[in-house]
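Going by numbering that gives the first Met the number 0, the first residue of the sequence shown is number 0, and it counts up by one from there.
Here a beta-carbon is modelled for each residue, glycine too, at the ideal position from N, C-alpha and C.
Source: prediction; values computed, not measured.
Before any comments, here is the structure.
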Amino acid sequence: MNSKFTWISLYNELSEWLLLQRDNQPELISILKDIGITGFRDGYERGEDIELVEIDPFTFFSYLNKFHSDERRIEILQDLRQKLKLRCQEPTDVLGIPTIHPMKVHLFPHKIIRKRHDIEVLWELFRQVKTGKVDERLFQTALNIKSVGKGKLSIVLFYVNPEKYVPLDSNTSAYLRNKKLGYTYDSFASYTKLSEETVRTLGKSPWEISYEAYTHSPESDSSSISSIRTLFERLEGELEEDMDYHIFYRGQSDKSYELIPSVYRKEYLIQNENRIFRDIIAQSPADFKGCASTFEKLVKMQHYSLPTRLLDITTNPLVALYFACENDAVDGKLFRFEVQTSDIKYFDSDAVSVVANIAKRPIDFSIEDLRELDRTDFNSEEDIQYLLHEIKYEKPHFQNVIDSKDIERVFCVKPMFDNPRIIRQSGAFFLYGINGNKSKPASLDFGYKVYIINKAHKQKIRKQLEALGIDKSTLFPEVEHVAEHIKDKYHI
0 MNSKFTWISL YNELSEWLLL QRDNQPELIS ILKDIGITGF RDGYERGEDI
50 ELVEIDPFTF FSYLNKFHSD ERRIEILQDL RQKLKLRCQE PTDVLGIPTI
100 HPMKVHLFPH KIIRKRHDIE VLWELFRQVK TGKVDERLFQ TALNIKSVGK
150 GKLSIVLFYV NPEKYVPLDS NTSAYLRNKK LGYTYDSFAS YTKLSEETVR
200 TLGKSPWEIS YEAYTHSPES DSSSISSIRT LFERLEGELE EDMDYHIFYR
250 GQSDKSYELI PSVYRKEYLI QNENRIFRDI IAQSPADFKG CASTFEKLVK
300 MQHYSLPTRL LDITTNPLVA LYFACENDAV DGKLFRFEVQ TSDIKYFDSD
350 AVSVVANIAK RPIDFSIEDL RELDRTDFNS EEDIQYLLHE IKYEKPHFQN
400 VIDSKDIERV FCVKPMFDNP RIIRQSGAFF LYGINGNKSK PASLDFGYKV
450 YIINKAHKQK IRKQLEALGI DKSTLFPEVE HVAEHIKDKY HI
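Set out below in structure tokens:
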């Protein structure tokens with residue numbers, strides 16, 4: 000076994016141990032508490048917290064992986080090994096283990112709405128998975144438990160048998176799509192077949208596939224574009240009949256540019272983001288009078304080329320190609336993003352409001368020490384209370400609950416089409432949260448491909464685009480840009 004994946008022997012031994020713990024569920028919870036894990040509420044009743052007293056083995060594994068920090072996850076595994084006196088070697092890594100949303104750890108709903116046999120179904124599925132004989136009806140019953148779902152169930156099956164099952168988290172699913180492999184399932188039989196075919200085709204074990212999905216760089220698969228025809232040939236070969244995702248594009252004139260929003264490109268910009276935001280509103284209030292939300296104000300700031308936490312994307316590949324072909328001195332880059340339909344937000348989304356309002360917070364805004372808190376304690380923290388205040392200013396009926404995971408995400412947002420430039424450019428945005436503290440941008444988790452545009456082909460491609468009506472005057476309909484395009488056209 001590869002010496003890098005030292006956690007596997009512990010996971011295997013832990014799975015065998017859990018087979019005998021079905022009648023010791025309160026003790027399992029106590030063990031998790033003893034090694035420093037928190038968050039064992041089972042809902043609320045009459046204003047009081049309900050303490051969790053029952054648990055399934057999949058959820059036990061999920062508790063081990065709710066932490067953002069790999070160092071913390073390794074420490075948890077080492078403490079668990081000592082606590083249970085396991086015979087395996089001490090784990091020193093968690094390479095290839097997908098994490099679980101810290102506020103969605105349970106594979107069952109809260110006690111008040113939980114069905115009588117939900118947890119028993121999960122225990123029986125665990126037993127059948129370990130014995131290798133899974134009843135399809137039981138699998139479907141487990142899959143339909145509120146709080147489970149296909150992606151989450153595949154992840155916990157990987158936890159209990161990392162040598163057989165491939166996890167279908169967002170990273171791995173995008174990785175498999177790029178490899179032209181299956182990435183979803185409808186039954187246990189189809190999931191097993193998917194895992195077997197993936198392992199056979201790639202010649203790697205499930206844990207190696209998961210690890211590679213997290214470390215794989217789309218840049219390594221990049222190909223070159225020399226004309227509009229070449230672009231469409233590339234894109235045509237990547238379309239699927241029944242896509243459950245949407246495609247967005249972005250063009251960058253210099254291939255060396257990072258895929259981050261403008262406010263993160265210079266340290267002094269993010270240091271002063273809250274001041275930049277308030278200064279433009281204070282000095283030009285009439286221009287922002289019609290903006291109902293912070294997100295809409297950020298869109299307008301982006302329109303005026305001010306640094307924001309937005310990154311422009313488009314549904315039109317020709318628009319992206321136009322931007323990739325600016326600046327003849329360097330090679331450009333065109334990105335093709337795949338975003339699950341369920342991951343697309345709209346301009347009035349509560350989650351969008353949460354991330355957009357981070358722009359108003361000072362540079363010392365951070366949740367690094369708050370991630371492991373449960374929902375109630377997290378939302379009681381002073382920094383979060385200030386953020387809630389900003390949100391409720393634009394959304395008075397917003398509930399006093401922020402999901403900590405949202406703060407560290409990048410959202411794909413469809414804006415209101417009330418701006419001629421957005422309409423002409425078929426525009427949308429990636430809205431960036433933070434990575435622990437405000438000085439670092441959140442990681443972009445959407446799968447993407449990259450195409451390089453050689454600088455020698457840029458002028459030719461621009462002429463092809465102009466023949467199709469894609470140029471500065473059509474993408475930037477404001478009169479100053481139209482005039483600039485005419486001057487360039489006639490060498491004025």
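Determine the extent of the beta strand (DSSP E) in which residue i is found, giving its start and end residues.
{"i": "residue 188", "result": "Segment 187-201 is the alpha helix (DSSP H) holding residue 188; no beta strand (DSSP E) there."}
{"i": "residue 313", "result": "309-313"}
{"i": "residue 465", "result": "Run containing residue 465: none in the beta strand (DSSP E); it sits in the alpha helix (DSSP H), 457-466."}
{"i": "residue 302", "result": "Careful: residue 302 lies outside any beta strand (DSSP E), inside the alpha helix (DSSP H) at 293-302."}
{"i": "residue 378", "result": "Where residue 378 is concerned, there is no enclosing beta strand (DSSP E), although the alpha helix (DSSP H) it sits in stretches over 374-379."}
{"i": "residue 92", "result": "Residue 92 -> no beta strand (DSSP E), and no H or E assigned at all."}
{"i": "residue 438", "result": "436-440"}
Would you mind sorting residue i into buried or exposed? The rule is 16 or more other CB atoms within 10 Å of its CB.
{"i": "residue 269", "result": "buried"}
{"i": "residue 381", "result": "exposed"}
{"i": "residue 312", "result": "buried"}
{"i": "residue 7", "result": "buried"}
{"i": "residue 19", "result": "exposed"}
{"i": "residue 16", "result": "exposed"}
{"i": "residue 208", "result": "buried"}
{"i": "residue 265", "result": "exposed"}
{"i": "residue 348", "result": "buried"}
{"i": "residue 361", "result": "exposed"}
{"i": "residue 65", "result": "buried"}
{"i": "residue 143", "result": "exposed"}
{"i": "residue 171", "result": "buried"}
{"i": "residue 197", "result": "buried"}
{"i": "residue 141", "result": "buried"}
{"i": "residue 166", "result": "buried"}
{"i": "residue 467", "result": "exposed"}
{"i": "residue 540", "result": "The requested residue 540 is not part of the displayed model; the chain covers only 0 to 491."}
Spatial neighbours of residue i within its chain, please: C-beta separation below 6 Å, excluding the five flanking residues on both sides.
{"i": "residue 365", "result": "436"}
{"i": "residue 296", "result": "287, 290"}
Does the distance from the CB of residue i to the CB of residue j come in under 8 Å?
{"i": "residue 330", "j": "residue 452", "result": "yes"}
{"i": "residue 346", "j": "residue 276", "result": "no"}
{"i": "residue 260", "j": "residue 440", "result": "yes"}
{"i": "residue 145", "j": "residue 41", "result": "no"}
{"i": "residue 175", "j": "residue 164", "result": "no"}
{"i": "residue 190", "j": "residue 153", "result": "yes"}
{"i": "residue 450", "j": "residue 246", "result": "no"}
{"i": "residue 57", "j": "residue 135", "result": "no"}
{"i": "residue 121", "j": "residue 185", "result": "no"}
{"i": "residue 389", "j": "residue 359", "result": "yes"}
{"i": "residue 101", "j": "residue 408", "result": "no"}
{"i": "residue 53", "j": "residue 24", "result": "yes"}
In chain order, what residues of the same chain lie with their CB nearer than 7 Å to the CB of residue i, ignoring the 5 residues before and after it?
{"i": "residue 279", "result": "300, 305"}
{"i": "residue 0", "result": "Bear in mind that the predicted position of residue 0 carries a pLDDT of just 46, short of 50, making it too unreliable to give a figure here."}
{"i": "residue 210", "result": "94, 95"}
{"i": "residue 5", "result": "88, 90, 91, 92"}
{"i": "residue 10", "result": "158, 161"}
{"i": "residue 200", "result": "180"}
{"i": "residue 169", "result": "444"}
{"i": "residue 523", "result": "Past the boundaries of the shown model lies residue 523; the chain is included only from 0 to 491, so the question cannot be answered."}
Where do the ends of the alpha helix (DSSP H) carrying residue i lie?
{"i": "residue 347", "result": "Here residue 347 belongs to no alpha helix (DSSP H), and DSSP marks it neither H nor E."}
{"i": "residue 427", "result": "Counting along the chain, residue 427 falls outside any alpha helix (DSSP H), though it belongs to the beta strand (DSSP E) covering 426-431."}
{"i": "residue 273", "result": "272-282"}
{"i": "residue 233", "result": "227-235"}
{"i": "residue 80", "result": "69-83"}
{"i": "residue 56", "result": "56-63"}
{"i": "residue 476", "result": "Premise fails: residue 476 is in no alpha helix (DSSP H) and is neither H nor E."}
{"i": "residue 222", "result": "Unbroken run through residue 222 is the beta strand (DSSP E), 222-224; no alpha helix (DSSP H)."}
{"i": "residue 138", "result": "135-142"}
Please go through the same chain and pick out, in chain order, the residues whose beta-carbon is closer than 8 Å to the beta-carbon of residue i, but skip the five residues on each side of it.
{"i": "residue 464", "result": "227, 317, 320, 321, 324, 470"}
{"i": "residue 315", "result": "248, 424, 425"}
{"i": "residue 476", "result": "419, 420, 423"}
{"i": "residue 215", "result": "174"}
{"i": "residue 123", "result": "137"}
{"i": "residue 405", "result": "350, 353, 354, 432"}
{"i": "residue 220", "result": "177, 448, 449"}
Is any heavy atom in the ligand HEM found nearer than 7 Å to the beta carbon of residue i?
{"i": "residue 23", "result": "As presented, the structure is devoid of all ligands, the ligand HEM included, so that no description of it is given."}
Note to self: Check whether the stretch 452-466 and the stretch 321-340 are in contact - that is, three or more C-beta pairs closer than 8 Å.
What the structure shows: yes
- request: Check whether the stretch 395-406 touches the stretch 422-429, counting contact only when three or more Cβ pairs, one atom from each stretch, lie closer than 8 Å.
  value: no
- Message: Could you check whether the stretch 117-136 touches the stretch 84-93, counting it as contact only if at least three pairs of C-beta atoms, one from each stretch, sit closer than 8 Å?
- Response: no
Quick check: the stretch 387-396 against the stretch 415-422, are at least 3 beta-carbon pairs closer than 8 Å? no
Item to complete: Evaluate the contact criterion for the stretch 56-71 versus the stretch 96-112: three or more CB pairs, one atom per stretch, below 8 Å.
Response: yes
Check your understanding: Does the count of Cβ pairs from the stretch 371-390 and the stretch 30-40 closer than 8 Å reach three?
Key -> yes
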